[in-house]
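Residue numbers (the working numbering): 43 to 484. Think of the CB as a built atom: it goes at the ideal place given N, C-alpha and C, for glycine as much as any other residue.
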């Protein structure tokens, strides 16, 4: 079965780790301000009138809390595609996703032919120690059938407080009877970074999202390569950011900083000039100057584009693949006590050269398009930010998104294999290695 990974604009997409607080603005009583306030209050009265009419006259008695929640969400979603309201549960799920830690079992699952199938057990987790295997089909949790549950619902039931038990019943290839597996939940860390040595001379690093564990995972991968690859053979790195929807801003900055000696990584500019921020690299290239090729596609968004843009502008890496998603805005998560939180777009970000990739994306230095199988054609393209209704505008030359298809088998991965050939000198391209900068980045 071929898998098509399309970008998901989910809980972690572009969330700002800085947690900018919104400060109330003072009003000094000018006539224009007083008139504006009066008009605002009239609009709020309109909302109150509609709310009361719905409560009293709707065909069925509505839930007041749901009415308010829908109104708030409508207000936020009307701003742009990335601002939204999160109820308490959604906020908790978002925190779990960005923290990269939760109480659970340590298995990766997916929906396969309407069944929950184990893709694999993460090393040194309760599931791995209990003997859960890839291709096990989960049929029951604590003796209760999970038929009819969505993938998210099943995952929610498997997560829980650390040190609490759960029993899985699975169908296993070659077993005549269902297999029951007792597991005690433990702290699970989401592996946002996976890595391996390609051949015996190239370090391959796959970053699937930017959570609180990402930089540490990257650091571990670089240390592992130093031990496993002989210095006289080491050709360089492939940093794979394809179909990475983004995540925490501070982690994108840390990952970029790992490969840079100096200079600006990214700047964010808000509504007011005093809200602008610049983030600069600190001395110390953890990759020790070795060549880097960054892979991107239509599913690379937000934090992924910050990294690709910084390394591209500083000529530290060659970007290869297809145009990225084009999400050039920063979202701040603002908690609302016990009522959840709002995700609010508070700034745009700019690459070191001062470019905004909002609704434009990162254009690769070397374009490489995958061979798309017939059964996937037409399903592999992302609309990109420019195709989202209500997106922040960025001039007349908007264009973003591209194919998000990545073959499951590496031998069919044209982009990856091209990158490996370039690093090994089997193929050549005028844009690799990148030319030295002709002028300093802004």
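Which listed residue (161, 462, 472) has its alpha carbon closest to that of residue 247: Answer by Cα proximity: 462.
CB contact flag (residue 287, residue 344, <8 Å): The beta carbons of residue 287 and residue 344 sit closer together than 8 Å.
Run of the alpha helix (DSSP H) containing residue 269, from where it starts to where it stops: Element bounds for residue 269: 256–270.
Three-way DSSP call (helix, strand, coil) for residue 228 in this model: The DSSP-derived three-state label of residue 228 is strand.
Three-state secondary structure (DSSP) of residue 273: When DSSP states are grouped into helix, strand and coil, residue 273 belongs to the coil group.
For residue 252 and residue 128, the rounded distance between their alpha carbons: C-alpha separation (whole angstroms): 20 Å.
Cβ neighbours of residue 242 in the same chain (closer than 8 Å, five flanking residues each side left out): Listed in chain order, the non-local C-beta contacts of residue 242 below 8 Å within the same chain comprise 271, 272, 275, local neighbours out to five positions each way being set aside.
With 16 other Cβ atoms within 10 Å as the buried cut-off, status of residue 174: Residue 174 should be labelled buried.
Straight-line gap, residue 403 to residue 192 (C-alpha atoms, nearest Å): As the crow flies, the alpha-carbon of residue 403 is around 33 Å from that of residue 192.
Nearest neighbour of residue 485, chosen from 83, 340, 315, 330 [CA to CA]: In this structure the chain extends from 43 to 484, so residue 485 is not present and cannot be described.
Spatially closest choice to residue 254 from 239, 96, 235, by CA coordinates: With distances taken between Cα atoms, residue 254 lies closest to 235.
Endpoints, the beta strand (DSSP E) within which residue 282 is located: Where residue 282 is concerned, the enclosing beta strand (DSSP E) stretches over 278–282.
Check whether residue 290 and residue 140 have beta carbons under 8 Å apart: Contact flag set, yes.
As assigned by DSSP and simplified to three states, the class of residue 476: It is coil, neither helix nor strand.
Identity of the residue in 446, 400, 442, 95 nearest residue 419 by Cα: Put simply, of 446, 400, 442, 95 the residue whose alpha carbon is nearest the alpha carbon of residue 419 is 446.
Coil, strand or helix - residue 217 by DSSP: DSSP places residue 217 in the coil class of the three-state scheme, outside both helix and strand.
Cβ separation of residue 323 and residue 302, assumed to be a contact under 8 Å, to the nearest whole Å: That pair is a contact at about 4 Å.
According to DSSP, residues forming a beta bridge with residue 306: As DSSP reads the structure, residue 306 sits in a beta bridge with 322.
Of the listed residues 282, 454, 194, 434, nearest to residue 157 (C-alpha basis): With distances taken between Cα atoms, residue 157 lies closest to 194.
Contacting residues, own chain, Cβ-Cβ under 7 Å from residue 229 (five flanking each side not counted): Correct list, in chain order: 143, 145, 204.
Through-space distance from residue 306 to residue 349, alpha-carbon basis: One C-alpha to the other measures close to 12 Å.
Straight-line Cα distance separating residue 293 from residue 356: Whole-angstrom Cα-Cα distance: 19 Å.
Buried versus exposed call for residue 388 [16 or more other C-beta atoms within 10 Å across all chains shown]: Around the beta-carbon of residue 388, 16 or more other beta-carbon atoms lie within 10 Å, marking it buried.
For residue 144, the three-state DSSP class (helix, strand or coil): In the structure shown, residue 144 sits in a strand (DSSP, three-state: E or B).
Enclosing beta strand (DSSP E) for residue 371 [first to last residue]: Looking at the DSSP string, the run of the beta strand (DSSP E) that includes residue 371 is 371–377.
For residue 345, the first and last residue of its enclosing alpha helix (DSSP H): Here the alpha helix (DSSP H) through residue 345 covers 345–355.
Residue from 232, 411, 400, 410 with nearest C-alpha to residue 429: Closest by alpha carbon: 400.
Length at least 4, wholly inside the segment 390–476: the alpha helix (DSSP H) runs in chain order: Within the segment 390–476, the complete alpha helix (DSSP H) runs of at least 4 residues are 456–466.
Straight-line Cα distance separating residue 299 from residue 372: Approximately 19 Å, taken between the alpha carbons.
Alpha helix (DSSP H) segment containing residue 361, residue limits: Residue 361 -> not in any alpha helix (DSSP H); beta strand (DSSP E) instead, spanning 360–363.
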